[in-house]
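Okay, structure first, notes after.
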Amino acid sequence: MSREDYEIVIGLEVHAELSTKTKIFCSCPTEFGAEPNTHTCPVCMAMPGALPVLNEKVVEYAVKAGLATDCTIAKESKNDRKNYFYPDLPKSYQISQFDKPLCAHGKVEIEEDGNVKTIGITRIHIEEDAGKLNHNEFGSGSLVDLNRAGVPLIEIVSEPDMRSSRDAENYLRKIKSILEYIEVSDCKMQEGSLRADVNVSVRKKGAREFGTRTEMKNMNSFRSIVRAIDYEADRQIDILEEGGKIDQETLRWDDVSGRTFSMRDKEDAQDYRYFPEPDLVAIRLSDEYIENIRKNLPELPESRKKRYLEEYKLTEKESKMLTSSKYMSNIFEEALKICGNAKAVANWLLSDVSRILNEKELEPDQIPFTAQDLAKMIILIEKGTISSAIGKKVLEELFENPKDPEKIIEEKGWIQISDEGAIKEVVMKILDNNPQSIADFKAGKDRALGFLVGQAMKETKGKANPKMLNEMFLEELNK
Numbered sequence: 004m005s006r007e008d009y010e011i012v013i014g015l016e017v018h019a020e021l022s023t024k025t026k027i028f029c030s031c032p033t034e035f036g037a038e039p040n041t042h043t044c045p046v047c048m049a050m051p052g053a054l055p056v057l058n059e060k061v062v063e064y065a066v067k068a069g070l071a072t073d074c075t076i077a078k079e080s081k082n083d084r085k086n087y088f089y090p091d092l093p094k095s096y097q098i099s100q101f102d103k104p105l106c107a108h109g110k111v112e113i114e115e116d117g118n119v120k121t122i123g124i125t126r127i128h129i130e131e132d133a134g135k136l137n138h139n140e141f142g143s144g145s146l147v148d149l150n151r152a153g154v155p156l157i158e159i160v161s162e163p164d165m166r167s168s169r170d171a172e173n174y175l176r177k178i179k180s181i182l183e184y185i186e187v188s189d190c191k192m193q194e195g196s197l198r199a200d201v202n203v204s205v206r207k208k209g210a211r212e213f214g215t216r217t218e219m220k221n222m223n224s225f226r227s228i229v230r231a232i233d234y235e236a237d238r239q240i241d242i243l244e245e246g247g248k249i250d251q252e253t254l255r256w257d258d259v260s261g262r263t264f265s266m267r268d269k270e271d272a273q274d275y276r277y278f279p280e281p282d283l284v285a286i287r288l289s290d291e292y293i294e295n296i297r298k299n300l301p302e303l304p305e306s307r308k309k310r311y312l313e314e315y316k317l318t319e320k321e322s323k324m325l326t327s328s329k330y331m332s333n334i335f336e337e338a339l340k341i342c343g344n345a346k347a348v349a350n351w352l353l354s355d356v357s358r359i360l361n362e363k364e365l366e367p368d369q370i371p372f373t374a375q376d377l378a379k380m381i382i383l384i385e386k387g388t389i390s391s392a393i394g395k396k397v398l399e400e401l402f403e404n405p406k407d408p409e410k411i412i413e414e415k416g417w418i419q420i421s422d423e424g425a426i427k428e429v430v431m432k433i434l435d436n437n438p439q440s441i442a443d444f445k446a447g448k449d450r451a452l453g454f455l456v457g458q459a460m461k462e463t464k465g466k467a468n469p470k471m472l473n474e475m476f477l478e479e480l481n482k
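Sequential numbering of the sequence shown, starting at 4, is according to the working numbering.
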């Protein structure tokens with residue numbers, strides 16, 4: 004049998020750090036990047052006798068996420084103790100939610116090649132994050148940083164509705180986009196604000212029963228998740244084809260070797276010995292509370308996409324790509340306010356900006372320049388100060404050394420040549436050097452003009468005014 008005879012079944016458990024100012028059960032700040040163990044107190048360090056107090060903003064943000072993903076919001080839920088030991092979990096239990104989560108039975112839609120697919124969401128619950136171990140590079144020990152202990156999380160658990168690594172990537176991007184739009188998490192994957200546990204199993208096509216699943220923990224890169232799913236599916240298929248059986252276990256993905264490694268046997272719910280958190284009261288929400296949050300939800304990606312189609316006359320593809328990231332969409336809207344050219348802003352963002360992001364393996368929230376910089380560059384092109392070819396160079400420079408585009412073109416000497424005499428000189432030189440192109444043009448080969456203009460742009464290092472070049476070449480060729 005081949006891989007085509009098997010079906011991959013994927014479910015994701017997405018952990019998103021909430022953008023609250025303080026932790027879930029104490030008043031310690033949540034900012035990323037502080038000196039180790041400076042954002043701590045007796046509560047998040049689990050000192051004896053220290054009691055938790057639930058941060059109301061955490062509940063509000065979780066309800067927001069639930070409403071934005073079409074979940075049913077529980078009017079009554081509770082916190083539970085999830086018992087397990089890790090060196091960076093001071094209490095040796097995590098306060099989470101077990102049988103009464105805040106949100107359940109939701110869904111999101113993903114799209115691939117025009118086909119829409121619905122991915123079910125089993126539940127969204129709140130919980131606290133653990134600390135972080137910093138391993139000594141010489142292998143002599145590890146140090147614990149508890150700044151992250153008690154940072155509020157929502158865990159979004161999907162149904163096992165994904166059937167390919169592409170499905171999983173599209174789903175994760177959609178969840179990331181929704182959380183960004185409703186402003187409950189900054190979703191900075193490079194800082195661990197958004198990460199996913201990936202469950203993978205395989206089964207023969209047509210089979211009803213799921214296969215034994217494995218879980219890959221704490222993945223925070225789209226590229227790694229896609230590679231890990233494809234590798235793990237192939238590994239499981241190879242084992243089954245050789246007559247073996249899949250062990251239910253937790254795996255670690257190694258991005259360098261491109262392989263998974265076993266960490267431990269996979270735990271089930273009973274292994275965690277859940278019981279209600281005795282130090283916290285139940286969470287009770289009124290209809291008015293839930294409806295007030297619903298009424299004040301920010302514009303979601305689908306709504307913004309529809310607006311771009313109607314208001315700015317962008318294409319379906321352009322609107323979808325722009326609104327897939329709130330950061331990209333915000334840059335589009337802010338730049339548009341300044342330069343007033345929706346098509347030009349969309350073209351630059353979706354072509355050159357996206358290309359550079361892909362090459363550098365960056366996310367839109369890591370774009371180093373402002374919407375004002377992009378708008379100014381577009382205005383400089385429209386005014387004829389620089390050409391589109393120089394605009395591409397300016398954009399590269401904005402990624403490397405962001406500053407005012409006018410300063411960049413001044414420092415680099417990239418101001419467009421629009422002097423008639425200087426351009427005429429270049430035109431005559433190119434014509435003298437390319438008699439065959441002149442003959443081709445006169446024989447009706449229009450492409451010859453494009454070649455000549457290209458040679459002139461090359462001669463002037465992209466600085467000649469292309470409109471003037473075209474006009475002058477045509478004038479000379481038609482004599």
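Note that CB positions come from ideal geometry on N, CA and C, so glycine has one too.
Just so you know, these numbers come straight off a predicted model, no measurement behind them.
* Asked: Mind checking whether residue 456 and residue 480 have CB atoms under 7 angstroms apart?
  -> Here residue 456 is taken as the residue at index 453 of the sequence shown, counted from 1. Here residue 480 is taken as the residue at index 477 of the sequence shown, counted from 1. No.
* Near residue 326, which residues of its chain fall below 7 angstroms by C-beta distance, leaving aside the five closest residues on each side in sequence? -> Looking up residue 326 in the sequence shown gives position 323. Excluding sequence neighbours, residue 326 sits near 304, 307, 308, 311, 332.
* **Beta-carbon spacing of residue 172, residue 229 below 7 angstroms** => Counted from its first residue, the sequence shown places residue 172 at position 169. Counted from its first residue, the sequence shown places residue 229 at position 226. Yes, they are a contact pair.
* **Burial state of residue 179, where buried means 16 or more other Cβ atoms lie within 10 Å** => Your numbering for residue 179 matches position 176 in the sequence shown. Residue 179 is buried by the Cβ-count criterion.
* Once you ignore the five residues that flank residue 427 on each side, which residues in its own chain have a CB closer than 7 angstroms to its CB? -> As a first step, residue 427 must be located in the sequence shown, where it is residue number 424. Same-chain partners within the cutoff: 475.
* Asked: Can you list, in chain order, the residues of its chain whose CB lies under 7 angstroms from that of residue 357, leaving out five sequence neighbours each side?
  -> Taking the first residue of the sequence shown as 1, we reach residue 357 at position 354. Correct list: empty, nothing qualifies.
* To do: Just grab the DSSP bridge partners of residue 219 for me.
  => Residue numbering aside, residue 219 sits at position 216 when the sequence shown is read from its first letter. 201, 254.
* Whole-angstrom distance between residue 298 and residue 290, CA atom to CA atom -> Mapped onto the sequence shown, residue 290 falls at position 287. Mapped onto the sequence shown, residue 298 falls at position 295. About 12 angstroms.
* Could you tell me which uninterrupted alpha helix (DSSP H) segments, each at least 4 residues in length, are contained entirely in the stretch 52–106, listed from first to last along the chain? => The DSSP assignment places 59–71 as complete runs of the alpha helix (DSSP H) inside the stretch 52–106, in order along the chain (cut-off: 4 residues).
* Asked: Going along the chain, which residues of its own chain have a beta-carbon closer than 7 angstroms to the beta-carbon of residue 282, five neighbours each way excluded?
  -> Here residue 282 is taken as the residue at index 279 of the sequence shown, counted from 1. Correct list, in chain order: 54, 55.
* Which two residues bound the contiguous beta strand (DSSP E) that contains residue 326? -> The residue labelled residue 326 in the question sits at position 323 within the sequence shown. First-last for residue 326: 319–326, but that is the alpha helix (DSSP H), not the beta strand (DSSP E).
* To do: Can you tell me the Cβ-Cβ gap for residue 232 and residue 68, rounded? I've got them flagged as a contact below 8 angstroms.
  => Position 229 of the sequence shown, counting from 1, holds the residue named residue 232. Position 65 of the sequence shown, counting from 1, holds the residue named residue 68. No, residue 232 and residue 68 are not in contact; Cβ-Cβ is about 24 angstroms, not under 8 angstroms.
* Answer with buried or exposed for residue 329, where buried requires no fewer than 16 other C-beta atoms within 10 angstroms of its C-beta. => Here residue 329 refers to the residue found at position 326 when the sequence shown is read from its first residue. Result: buried.
* Can you grab the Cα-Cα spacing for the pair residue 202 / residue 335, in whole Å? => Taking the sequence shown and counting its residues from 1, the one referred to as residue 202 is at position 199. Taking the sequence shown and counting its residues from 1, the one referred to as residue 335 is at position 332. C-alpha separation (whole angstroms): 36 angstroms.
* Is the CB-CB distance between residue 401 and residue 444 below 7 angstroms? -> For this step, residue 401 is matched to residue 398 along the sequence shown. For this step, residue 444 is matched to residue 441 along the sequence shown. Result no, Cβ atoms of residue 401 and residue 444 do not sit closer than 7 angstroms.
* **Three or more C-beta pairs below 8 angstroms linking the stretch 140–152 and the stretch 213–221** => no
* Can you pull the DSSP bridge partners for residue 111? -> Translated into positions along the sequence shown, residue 111 becomes position 108. Residue 111 pairs with 122.
* **Closest residue to residue 147 among 91, 196, 170, 251 (Cα-Cα distance)** => The residue labelled residue 147 in the question sits at position 144 within the sequence shown. Comparing Cα positions, the closest option is 91.
* Asked: DSSP state of residue 136, grouped into three classes?
  -> Stepping through the sequence shown from its first residue, residue 136 is reached at position 133. Here residue 136 sits in strand by DSSP.
* State the Cα-Cα distance for the pair residue 220 and residue 257, rounded to the nearest angstrom. => On the sequence shown, residue 220 is found 217 positions in, with the first residue counted as 1. On the sequence shown, residue 257 is found 254 positions in, with the first residue counted as 1. C-alpha separation (whole angstroms): 11 angstroms.
* So, helix, strand or coil for residue 247, using DSSP? -> As a first step, residue 247 is located in the sequence shown; it is residue number 244 there, counting from the start. Here residue 247 sits in coil by DSSP.
* Take residue 208 as the anchor and find which of 183, 240, 200 has the nearest alpha-carbon. => Sequence index remark: in the sequence shown, residue 208 carries index 205 (1-based). If we check each option's Cα against that of residue 208, 240 comes out closest.
* Work out the CA separation of residue 145 and residue 139 for me, nearest whole Å. => By one-based count along the sequence shown, residue 139 stands at place 136. By one-based count along the sequence shown, residue 145 stands at place 142. Straight-line Cα distance between these residues: approximately 5 angstroms.
* Asked: Is residue 450 buried or exposed, if buried means 16 or more other CB atoms sit within 10 Å of its CB?
  -> Residue numbering aside, residue 450 sits at position 447 when the sequence shown is read from its first letter. That one is exposed.
* Three-pair Cβ contact test at 8 angstroms for the stretch 8–28 versus the stretch 101–121 -> no
* To do: Would you list, in sequence order, the uninterrupted alpha helix (DSSP H) runs of no fewer than 4 residues that lie entirely inside the stretch 344–380?
  => 345–351, 357–363
* Asked: Excluding the five sequence neighbours on either side, which residues of its own chain have a C-beta within less than 7 angstroms of the C-beta of residue 387, listed in chain order?
  -> In the sequence shown, the residue the question calls residue 387 occupies position 384. Closer than 7 angstroms at the Cβ level, and outside the excluded window around residue 387, lie 419, 421, 468.
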